[in-house]
Each structure stands twice: as structure tokens, then as C-alpha cells.
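S.K.: Have a look at the structure that comes next, please.
Chains as they are written, first to last, in my numbering: chain P, 213 to 783; chain A, 59 to 646.
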């Protein structure tokens with residue numbers, strides 16, 4: 213580090229005493245529902261974001277009330293696997309402390325929204341009592357480690373899942389701050405090395421995301437993450453992982469120095485090496501990541517600034533040995549397989565479609581109650597998919613009829629009898645709670661899909677999967693830049709429209725229209741969809757077609773993302 | 059021998075004594091009769107001070123009985139009594155044994171409870187064994203017929219005095235919210251009864267002289283303009299609490315923190331329409347309103363009558379007007395339980411529909427109503443912080459029973475009708491029993507959940523305005539933090555400016571368990587006790603039915619746990635706080 217001024221968050225970390233800040237004092241002051249600016253940044257490391265209900269903002273002062281502050285809590289679920297007990301507890305807390313819903317995130321975590329400050333400590337403590345936690349669910353550290361949740365595909369899945377949980381444990385911050393603040397842990401004095409042997413006192417320059425994929429499914433979207441491991445299975449045995457680095461979605465509107473980037477697959481490691489590789493990638497990023505400009509601090513920029521070859525070299529140096537050459541692998545898609553599937557262990561797995569990942573009850577669709585009733589009798593587990601869906605997994609043949617009866621009773625049975633377009637949709641939370649959103653996403657995408665489904669039906673594409681994703685801001689939580697159709701909120705009601713992403717998440721998309729009204733999207737995309745239905749080549753994906761038909765230019769890598777945009781896109 | 063207290067000079071007494079000593083029994087008898095006949099025609103001034111001693115004992119909460127006691131004493135003095143007024147909070151039952159003549163004026167609150175300042179005395183008087191054989195008494199109760207235990211406390215005092223051997227010299231009066239006439243009648247009768255025959259003064263019917271018409275007050279409420287009327291609860295709340303700011307410019311009305319504002323509401327337009335329809339009238343009928351004059355029925359229903367509160371009294375009058383056999387049966391003594399059940403959750407409109415299916419004449423209809431009572435609200439502002447303004451914090455009462463939407467008369471008048479620019483009739487009702495400490499350095503602890511926070515906004519504003527240095531601590535609670543934290547932004551400023559030292563909050567519906575202000579008090583028990591030991595005053599405002607009792611109990615438990623005291627000692631400690639006026643309540 214030079215004497216250049218560091219990004220503001222670096223100083224917050226430095227003076228935080230390993231993530232303590234003044235969080236405890238802030239929690240005690242209930243005259244306001246908010247926390248100090250510094251503590252808001254530190255709270256992310258503990259798994260919670262301060263938000264406020266933006267729907268209510270305009271009138272609060274008139275009522276002599278402060279903003280309607282509350283907190284989002286993100287629960288880490290490494291590999292996305294939760295026990296029925298954990299599901300029931302999450303469900304209970306959603307009622308008692310949150311807004312009555314559970315959000316299944318695009319990174320296989322549970323999210324609560326609307327937790328007020330006076331309930332924050334208690335909720336986090338109760339989450340920990342269920343053998344889940346929230347530490348490092350957000351913040352400049354390694355976050356929830358994602359893993360392909362499909363146990364029916366391969367017998368190596370259990371092994372891969374274990375690896376993901378092992379990496380998660382290894383990279384969890386070691387500071388006692390979390391225990392002191394939330395779990396009434398004792399204060400312990402220790403040296404810096406003891407406190408945070410991997411991260412040190414300034415942690416990472418920015419968030420860090422790890423996934424593990426089991427081909428042919430790229431459901432975890434390895435190209436959109438900082439570090440990914442691609443399971444290599446030879447003769448039904450897990451032999452190791454390809455290592456991919458430098459993916460990431462976030463960018464800033466109007467700033468071409470920021471861009472989404474696909475990960476580079478740089479080598480191969482054995483199962484025994486995987487923890488070490490994960491740690492050393494983190495260390496390279498810790499030592500070489502940019503700490504002066506937060507918008508340039510993700511690993512993807514470190515890789516681009518120095519080149520993937522340099523990165524591999526540096527990594528090998530940190531490892532003290534060389535990664536092996538990349539092995540062959542093939543991804544077919546990044547979606548989920550709905551409905552019942554029998555696993556290799558003779559148990560059954562049901563993937564349900566959860567619109568927007570939001571588990572809630574409505575009068576006509578009491579899904580949350582139904583899932584609660586299922587959890588009460590379920591003897592397997594629940595798996596959160598990277599596409600915001602839910603798998604009722606490892607159902608014994610004896611239990612299956614009981615579960616099917618409940619699915620029927622609560623109207624959940626046919627959750628996936630929807631257009632393939634809808635089944636391949638993802639939306640981030642956005643309004644009203646997310647502070648970053650510029651437009652609606654989760655609340656709006658279902659409506660937009662209904663409009664597009666009219667075109668889809670007319671074109672006879674009901675069963676043809678097209679990935680479609682919407683976010684309220686350019687930070688990319690729903691990974692919109694690698695979907696075939698992407699919408700990124702630009703201003704209220706308006707979106708940047710992206711086309712041409714790869715169906716397996718292997719190619720970035722390109723902006724087709726800037727700041728375009730959502731209510732004209734059907735008119736904009738209808739003709740393209742019909743064109744696709746009419747003129748696609750056998751097996752051709754919508755994203756590929758958009759490029760071949762010349763609607764957008766292909767984006768080969770992140771640095772090209774803002775290039776070759778057609779003039780009419782900005783018209 | 060004439061007593062020294064007789065209204066004669068020593069010389070006169072000497073001459074009279076020597077004269078009287080020479081008379082025989084017959085002569086003395088004739089003389090007394092002659093003098094009595096003479097006295098009845100002379101002016102009262104001619105026979106002063108011969109009437110004896112009188113104690114007017116009052117138990118007050120809102121100040122009404124105190125005001126009546128004050129008037130009674132002044133009037134009795136004019137008639138020659140050595141009259142004194144005593145607050146129930148200042149005496150013990152044994153003190154009454156020495157009293158000759160005793161007039162008791164006491165109000166009843168809520169479900170038959172003694173007024174705030176008289177709770178201890180009432181309890182002691184009902185249980186202690188004192189001999190009151192020589193006492194001649196009469197009781198005047200104040201109450202509200204819309205409550206089942208109407209004038210309960212007055213009735214209890216009346217019966218207890220008799221049981222303890224005192225002699226009732228005039229029948230008890232049970233006054234409704236519009237107490238003026240019944241009180242006047244009672245006072246005249248009671249005073250007459252205790253005036254010695256030898257004096258034989260017939261008091262002139264007592265007329266309360268209202269202040270000059272230019273002065274605004276009880277008899278002449280001020281039409282106050284609404285400056286601001288806003289909802290304090292955020293969108294998403296189950297509550298409806300309004301903040302209303304009224305102009306006192308030109309009124310001459312003054313108040314202190316702790317006082318109440320009396321509001322004269324008008325009835326809800328849809329309710330009076332329903333009543334007119336149920337009675338099968340048009341509203342354009344002309345009727346005579348006592349003390350007001352001729353008026354159109356609709357106007358009288360809107361402005362003069364209580365057209366909602368159902369009580370046994372109202373049903374009796376309705377029974378007379380309708381001769382409904384069903385209603386008459388309901389009013390039989392043995393149908394007591396059915397009557398209670400019928401009244402519960404119903405209003406006058408239901409009774410008219412149920413028992414007067416053929417309608418009522420305008421005169422008969424008006425005959426069943428009592429006068430529309432004023433409502434009191436604890437003032438939420440300091441006159442120093444808001445000169446020429448008075449603010450209220452009002453919870454709009456709305457609920458549904460028996461298939462009808464019910465509305466609190468005055469609270470919904472203030473929220474629905476008293477919009478910015480409208481006028482509201484008001485006067486100030488002082489409350490000497492709810493006052494900031496005289497010394498600005500004295501710490502204060504304030505417990506005010508819900509609209510109970512109103513006077514504490516006034517207190518804190520006031521202390522901020524005068525730059526008081528005493529510490530202050532507010533316990534506030536309501537249903538939900540996000541939506542019901544009344545005056546949140548203001549408390550934040552007071553805290554920031556060190557004008558409020560501590561704030562503790564209890565929101566009952568934010569977590570699985572109900573959490574109330576008393577729970578927060580117990581959590582902070584050590585510090586509360588420390589503040590009390592430093593001389594803090596302890597204030598409670600708000601719900602009387604449960605909160606006040608729970609807070610009281612919490613206070614006792616705090617003294618037990620942190621003052622190392624037995625239950626009895628702790629109760630005494632708290633009782634002493636009350637006696638020292640360091641524990642004051644404004645509960646309703």
C-alpha cells in the first residue's frame with residue numbers, strides 16, 4: 213500500500229477493533245431505529261444490513277416519526293442445505309421478528325427483512341441456537357459458500373457438499389466480536405495473529421464469493437463469482453476441481469471502468485488441496501486487491517489489472533506448488549430441474565418453483581404454511597438452489613405419499629407448472645427495503661413475465677427455457693448480466709435491457725436498450741421472441757440467437773461489456 | 059352560660075348571662091321561639107357565625123370536586139359557618155371523629171374507583187374502625203351514568219359513614235357528568251339540614267355566579283381555532299393517535315404543565331342521522347333545550363345531547379316514553395344480568411331501534427338524553443414552548459360491536475371534524491395534583507405509555523424552556539416501535555440536547571411476549587430506586603384500568619428489591635412518596 217488515501221471503509225475496519233465498532237452501544241440506543249454510519253458498515257460483516265421501508269419514507273416526518281428503519285439478516289447456509297428443524301425455526305422467526313416472509317437468495321442463503329433494532333440481537337442469537345449463523349454473510353470477507361444442491365445427479369455430491377462446508381468454516385472470520393455482541397460471549401484478549409490469522413485487521417478489500425459446481429449444471433453460476441471450484445468426476449470418482457477466478461457482477465451506471473466480468477478457469481487442484489487453494493486465493497486478493505477505490509476492489513479487477521497469468525503465478529507462489537492443467541468439463545445450463553427426481557441413494561427429491569425466492573402465504577397460495585407442515589414430518593433435508601428455488605430433498609419412499617398429500621392440500625404440487633420463461637427467472641429484493649435499488653424488481657418481474665407470457669404463448673415457446681433476470685440496481689444480485697434477457701433498474705419504472713447472455717451463464721450479455729420503460733418491454737421484446745421462434749436453428753438458445761440475428765454484439769469478456777453497443781440502444 | 063364562640067362581645071355575654079339566669083324554663087322557651095321567628099325575616103348578615111363548624115371533605119381527580127368544595131366553603135362561611143375544606147389526600151379517617159358537620163363531595167372513576175388522590179383515604183376509611191357517633195353528614199357523589207357503577211364511591215362513603223355511627227342529615231346526591239343542578243339542590247338541602255334551628259337561617263337558593271361573559275372558561279368555553287391536526291402513527295399502524303394544536307390567542311386562557319383541556323365536542327353527523335331515522339323524525343322539528351332555548355332537533359342532537367352513551371338511566375326514560383313491555387321487563391331487578399349484558403357494547407341508537415320500533419316524538423326522544431358532557435384531555439404542550447397554543451394527544455376510539463361501527467364521541471370529533479381552521483370549544487381544567495417539582499433541579503421519572511405521554515411532552519418542553527437542570531427519564535410504550543413511537547423525532551432532539559436524560563421503551567407487539575412499561579421499569583429497578591433516593595418525583599399518566607396498577611406494583615417491587623425493604627415497608631415508602639406529592643398520577 214502506498215501513502216495514497218485508502219477507501220473510507222478501510223479506515224472503518226482499522227478502527228473497528230476487529231469488527232466491534234460501537235455496535236453494542238448503538239443497539240442500546242432505541243430512540244432511533246438506526247445505527248451509526250460506521251457501525252452500519254461493520255454490521256454487514258455480522259450478516260445484517262440496515263435498511264428502511266422506502267414505501268413509507270415520504271410521510272414519516274409528517275407523523276413526527278423517524279424513517280422506518282429495520283434490518284435485513286442474511287443467514288449462511290453453506291451449500292444451501294438446511295434441516296427440517298432449521299426450516300421450522302427460520303419460519304418461526306420470520307413470523308415473530310421479520311415481516312412474515314423468508315427470502316431464499318440467489319446465493320443459497322435465507323434472508324429476513326424488517327427486523328427492528330430491538331429484536332436484532334435476539335434474532336441473531338436464536339439463529340445461532342439453530343446451528344446456523346450470520347457471520348460473514350455480508351461484508352468484506354468470504355460469504356456463504358455455494359454448492360450445487362442436486363444430490364440426485366451424482367454420488368459425489370455429498371463429498372462436494374462437505375468440501376463447501378469445510379471451505380466455509382476455514383474462511384470464517386475468527387474475531388470474537390460476533391460472540392461478544394450477539395451471543396453474550398466473554399471478551400478475550402488475543403494478538404492479531406490469533407484474532408484473525410487469515411484476514412488481518414482490514415479483512416478483504418471487498419466482498420468475496422465462492423461457489424462449487426458439479427457439471428453439467430452451472431446452477432451456481434461459477435462465472436459470476438470470485439472463486440469457483442468445478443468438480444471433476446472421473447469414473448464416478450471425485451478427483452479434484454478446476455479452479456476459476458475473477459468473476460463478478462457489480463458495476464455502476466455511467467462508469468465504464470466498472471463492469472461485470474466472467475471468471476477465468478486457471479488450473480486444477482486435488483480434493484486435498486482445495487482448502488489451501490481457497491485460502492491462498494483469498495490471501496492474494498487480501499494483499500494485492502485495490503484498497504483505495506472501493507468500486508475497483510473486487511477480485512475481478514485484481515485479475516484484470518495484473519492479468520490471469522500473473523494471478524496464477526502469484527497463487528502458485530503463495531501455494532508453494534503449481535496448480536495442475538485445467539481438465540475437461542462441460543456445462544449445459546444454469547437452471548433448476550423441477551418436479552420429483554429419484555436420487556442415487558434411492559431417496560426422492562422435489563424441486564419447487566418459488567417466485568422471486570419469496571416464501572410467503574397469500575390467501576390463494578398458502579405456500580409458507582404448506583412448507584411448515586411438510587417440515588414437521590420431513591425426514592430428509594431442504595436445499596436452497598442458486599436460482600432462489602427450494603428442494604425438498606432426501607425424501608424416503610415411505611414419506612413421499614404423506615408429503616405429496618400436503619403438497620396437494622396446500623396447492624404447492626403444481627408450483628412448477630408454469631412457462632419455462634418464468635421458471636428460469638430470478639429477481640433481487642429491490643424496493644421497498646433495499647437501499648440501493650433504483651427501480652422495482654421482485655415486486656415487478658412477475659407482472660412483466662405475465663405480459664411476456666402472452667408473446668411466449670403466441671410464439672409457441674411455453675416449454676422453451678429462456679433465462680430472464682431482473683435487479684433494481686446495477687450491483688447484480690440476481691446475476692442479470694449473464695442471463696439471456698436481463699433488466700437492470702435505472703430509474704423508477706425504467707431499466708437497462710440486456711440481451712445475448714449465455715444459457716449456461718458462460719457469456720455476458722450486451723445492453724440493448726438504456727433506461728427503457730418496463731411497461732413497453734413487451735412491445736420491445738415481442739418481435740424478437742417471435743423472430744426467435746420462427747428462425748431459430750435446432751437447439752439454438754435465445755441468447756445465441758440474439759447475437760446471430762444481430763440484435764446485439766457478443767460480449768467476450770468484461771472489458772468488452774460497454775463496447776459495441778448499438779446506437780439505438782441509447783436513443 | 060353562653061359559650062365563647064357565640065357571636066357576642068364579652069360585655070354582651072355578661073349582660074345576657076345575667077338576664078337569662080333570671081328566666082324560668084317557660085320564659086326561655088317563649089323567647090327562643092320569638093327570636094327564631096324574628097330571625098327568619100332578617101337578612102342573613104344579621105345572624106352570622108352562629109351556625110357552627112363545617113368540614114367539606116373532597117376527593118378529586120380532575121379538580122371538579124375540589125372546585126365544588128371551594129364553593130361550598132365560601133357559601134357556608136357567608137351563612138355563618140366556620141367552614142374548612144379538606145382534601146382526602148391530606149387526612150386520615152381518625153381526623154373525622156372530631157368533626158361536627160361533614161359534607162363529603164367525591165367523584166367516581168372508571169369502574170367504580172376512587173379518584174386518584176383519594177385512593178389511600180378511601181381504602182383506610184372503608185377498613186379502619188373509627189367512631190363517628192357525633193358527626194352529622196351528607197354526601198354528594200359525582201359520576202357518569204354511562205358507567206355501571208355510577209357514583210359508587212359516593213355511595214360507599216354514604217353507607218360507611220352511617221355504619222360508623224354518623225348521622226345522615228340530608229340524602230345523598232348522585233350527580234351525572236352535568237352535575238351543576240343536582241349539586242346545587244343537594245348543597246342547599248344539606249346546608250339547611252345542618253343549620254341549627256336556633257339560628258334558623260334559610261339559605262337562599264345558592265346561585266353560582268358565572269364569570270363575566272367576556273371571560274372564557276367553563277361557563278363560556280373559548281372557540282379555539284385548530285392550527286394543526288395530524289396523525290402520529292405511521293402508515294401500517296393499528297392505532298390512530300392524533301396530535302392537535304389549538305390556538306389560545308385572545309382567549310386569556312392560561313395553563314400549566316399537568317393541566318387538562320376540556321373539550322366540548324359535537325356529535326357525529328352520521329350518528330345523529332341514524333337517531334333521527336330510528337325515531338322516524340326529520341330533524342327539522344323544533345324543540346326546547348333546557349337552558350338553551352328553542353332549537354331544531356338536528357341541531358340539538360348535534361350540539362346539546364349525549365346521544366350515544368347507553369345507561370340504565372337512559373333506558374328507564376326510554377321505557378317511560380315507549381312503555382315497551384320488553385324494555386320494562388329488562389329493567390326489572392331480577393333481570394339485572396340481562397340488562398348489563400344488553401348495555402355492554404350497545405349505544406342509545408340500538409335501544410331506540412330495539413324498543414321504539416314505532417319511533418318517538420321529538421320531545422320524547424329528547425327526554426331520554428342527558429346533556430352532552432365535556433371531555434378532558436391532558437395537555438401535551440408547554441405554554442412556554444408554544445405561547446398562545448395548546449396541544450393535545452388524542453387516541454381516536456373506533457371499534458365494532460353488535461354489527462355497528464362505534465366511535466368515541468370526542469376523540470373522533472377531534473380527529474374527523476376538528477380539522478385545521480375549524481373552531482373547538484375549550485376551557486382549561488387545572489390539575490394541581492399533577493405538577494412539575496417546584497425545584498428545577500429535582501429529577502423526574504415519567505411513565506406515560508400511549509396517549510399517557512401527553513403531559514410528559516409538556517413537562518419536558520417546559521423544563522427545556524426554563525433551562526431546568528434536573529435529570530429526566532421517560533418510560534414510553536405502545537404497540538409497535540416502527541409505527542407507534544409517538545413524537546419520536548421530538549424525543550430524539552430532547553435527548554440530543556440533554557433536555558431528556560433517559561428514555562426507555564416498551565412495545566407490546568414487537569416480539570412474541572408482551573412487553574410493557576412496568577417490565578422496563580423492573581429491568582431498570584436499581585437506577586429508578588437510586589433516582590427516588592435522590593429525591594426524584596415519579597409521575598404516571600395513561601390507562602387506569604391496568605397500566606396504573608401494574609406500574610404501582612412494579613414501583614413497590616423495585617423498592618423491595620433495591621431498597622432492601624419488606625413489602626409493608628415498601629408500601630409505606632411509596633405511600634410516603636404520595637403524601638410528599640412526589641408520586642403523582644393522571645390516569646383515566
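Built from N, CA and C at the ideal position, the CB exists for glycine as well. In this text, all values refer to a predicted model and were calculated from it rather than measured experimentally.
1) Please report the straight-line C-alpha distance between residue 708/P and residue 511/P, rounded to a whole angstrom.
2) By the DSSP assignment, the alpha helix (DSSP H) with residue 122/A in it spans what residues?
3) Below 7 angstroms between beta carbons is the criterion; list the residues of the region 223 to 242 of chain A that meet it against any residue of chain P, in chain order.
4) For residue 150/A, I'd like the list of residues in its chain whose CB is within less than 7 angstroms of its CB, leaving aside the five on either flank, ordered along the chain.
5) Going by beta carbon distance, what residues of the same chain come within less than 8 angstroms of residue 234/P, once the five residues before and after it are set aside?
6) For residue 549/A, decide whether its Cβ has a neighbour in chain P, counting only Cβ atoms nearer than 8 angstroms.
7) Can you give me the Cβ contacts of residue 587/P inside the same chain, cut-off strictly under 6 angstroms, excluding the 5 residues immediately before and after it?
8) Quick one: is residue 330/P near chain A, going by C-beta distance under 8 angstroms?
9) If you measure between the beta carbons of residue 353/P and residue 380/P, is that distance less than 8 angstroms?
10) Answer with buried or exposed for residue 767/P, where buried requires no fewer than 16 other C-beta atoms within 10 angstroms of its C-beta.
11) Which one of 203/A, 580/A, 244/A, 112/A has the shortest CA to CA distance from residue 160/A?
12) Kindly say whether residue 540/A, judged by its beta-carbon, lies nearer than 8 angstroms to any beta-carbon of chain P.
13) Just to confirm the assignment, what range does the beta strand (DSSP E) spanning residue 323/A have?
14) Between residue 278/P and chain A, is there a C-beta pair that is closer than 8 angstroms?
15) Can you confirm whether the region 343 to 350 of chain A touches the region 418 to 425 of chain A when touching is taken to mean that 3 or more C-beta pairs between the two stretches lie within less than 8 angstroms?
16) Pick helix, strand or coil for residue 444/P, following the three-state DSSP scheme.
17) What three-state label does DSSP hand residue 483/A in the structure shown?
18) So what does DSSP say about residue 754/P, is it helix, strand or coil?
19) Is it buried or exposed, residue 643/A, if we count other Cβ atoms within 10 angstroms and call 16 or more buried?
20) At 4 residues or longer, and completely inside the region 529 to 562 of chain A: list those alpha helix (DSSP H) runs for me, N to C.
21) Going along chain A in order, which residues have a C-beta closer than 8 angstroms to the C-beta of residue 298/P?
22) Would you check if the distance between the CB atom of residue 580/A and the CB atom of residue 535/A is smaller than 8 angstroms?
23) Compare the C-alpha of residue 694/P against each of 770/P, 675/P, 673/P and name the closest.
24) Is there at least one Cβ from chain P nearer than 8 angstroms to residue 293/A's Cβ?
25) What is the DSSP secondary structure of residue 346/P, counted as helix, strand or coil?
26) With DSSP as the reference, identify every bridge partner of residue 503/A, one or two as the case may be.
27) Going by beta carbon distance, what residues of the same chain come within less than 8 angstroms of residue 443/A, once the five residues before and after it are set aside?
28) Which first and last residues belong to the beta strand (DSSP E) in which residue 187/P is found?
29) Can you give me the C-alpha to C-alpha distance between residue 416/P and residue 218/P, rounded to a whole angstrom?
30) Residues bridged to residue 551/P by DSSP?
31) Report yes if the CB atom of residue 340/A is closer than 8 angstroms to the CB atom of residue 333/A, and no otherwise.
32) Taking only beta-carbon positions, decide if residue 269/P is within less than 8 angstroms of chain A.
33) In or out: residue 199/A buried (at least 16 other Cβ within 10 Å) or exposed?
34) So within the region 630 to 667 of chain P, which uninterrupted beta strand (DSSP E) runs reach at least 3 residues, ignoring any that extend past its ends?
35) Answer with yes or no whether the minimum CB distance from residue 262/A to chain P is below 8 angstroms.
36) Do the region 459 to 473 of chain A and the region 545 to 562 of chain A meet, that is, are 3 or more Cβ pairs less than 8 angstroms apart?
M.R.: Based on what the coordinates show:
1) Cα-Cα distance, rounded: 25 angstroms.
2) Boundaries of the alpha helix (DSSP H) around residue 122/A: 122 to 136.
3) Going along the region 223 to 242 of chain A in chain order, one finds no residue with a Cβ nearer than 7 angstroms to chain P.
4) Here residue 150/A has 182 as same chain residues with Cβ atoms under 7 angstroms from its own Cβ, once five neighbours each way along the sequence are excluded.
5) 248, 250, 251, listed in sequence order.
6) Cβ-Cβ to chain P under 8 angstroms: yes for residue 549/A.
7) Result list for residue 587/P: 296, 299, 300, in chain order.
8) Closer than 8 angstroms to the CB of residue 330/P there is at least one CB belonging to chain A.
9) Not closer than 8 angstroms, so no.
10) That one is buried.
11) Looking at the Cα atoms, 112/A is the closest of the given residues.
12) Judged by the 8 angstroms Cβ criterion, residue 540/A is in contact with chain P.
13) Taken as a continuous stretch (DSSP letters only), residue 323/A belongs to no beta strand (DSSP E), as it is neither H nor E.
14) Yes, its Cβ sits closer than 8 angstroms to a Cβ of chain A.
15) Enough Cβ pairs lie closer than 8 angstroms, so yes.
16) If DSSP states are grouped into helix, strand and coil, residue 444/P belongs with the strands.
17) Reduced to three states, the DSSP call for residue 483/A is strand.
18) If DSSP states are grouped into helix, strand and coil, residue 754/P belongs with the helices.
19) Counting other Cβ atoms within 10 Å of its Cβ, residue 643/A reaches 16 or more and is therefore classed as buried.
20) DSSP runs (the alpha helix (DSSP H)) wholly in the region 529 to 562 of chain A: 539 to 542, 546 to 554.
21) Per Cβ cutoff of 8 angstroms: no residues; residue 298/P is ~19 angstroms from chain A at best.
22) The answer is no: Cβ separation not under 8 angstroms.
23) Between residue 694/P and the set 770/P, 675/P, 673/P, the nearest pair of CA atoms involves 770/P.
24) Yes, residue 293/A lies at the interface with chain P (some Cβ there is under 8 angstroms from its Cβ).
25) Collapsing the DSSP output to three states places residue 346/P in coil.
26) Residue pairing of residue 503/A in beta bridges, as defined by DSSP: 531/A, 596/A.
27) 519, 520, 522, 523.
28) Past the edges of chain P, shown from 213 to 783, lies residue 187/P, and the structure says nothing about it.
29) Residue 416/P and residue 218/P: Cα-Cα distance of roughly 13 angstroms.
30) DSSP lists 563/P as partners of residue 551/P.
31) Not in contact: residue 340/A and residue 333/A (Cβ atoms no closer than 8 angstroms).
32) Judged by the 8 angstroms Cβ criterion, residue 269/P is not in contact with chain A.
33) Under this definition residue 199/A is a buried residue.
34) Correct list: 637 to 639.
35) Any answer about residue 262/A is weak, because its pLDDT of 43 lies below 50 and its placement is not dependable; what the coordinates show is given next. Residue 262/A does not count as touching chain P.
36) Counting C-beta pairs closer than 8 angstroms gives fewer than three between the region 459 to 473 of chain A and the region 545 to 562 of chain A, which falls short of the contact rule.
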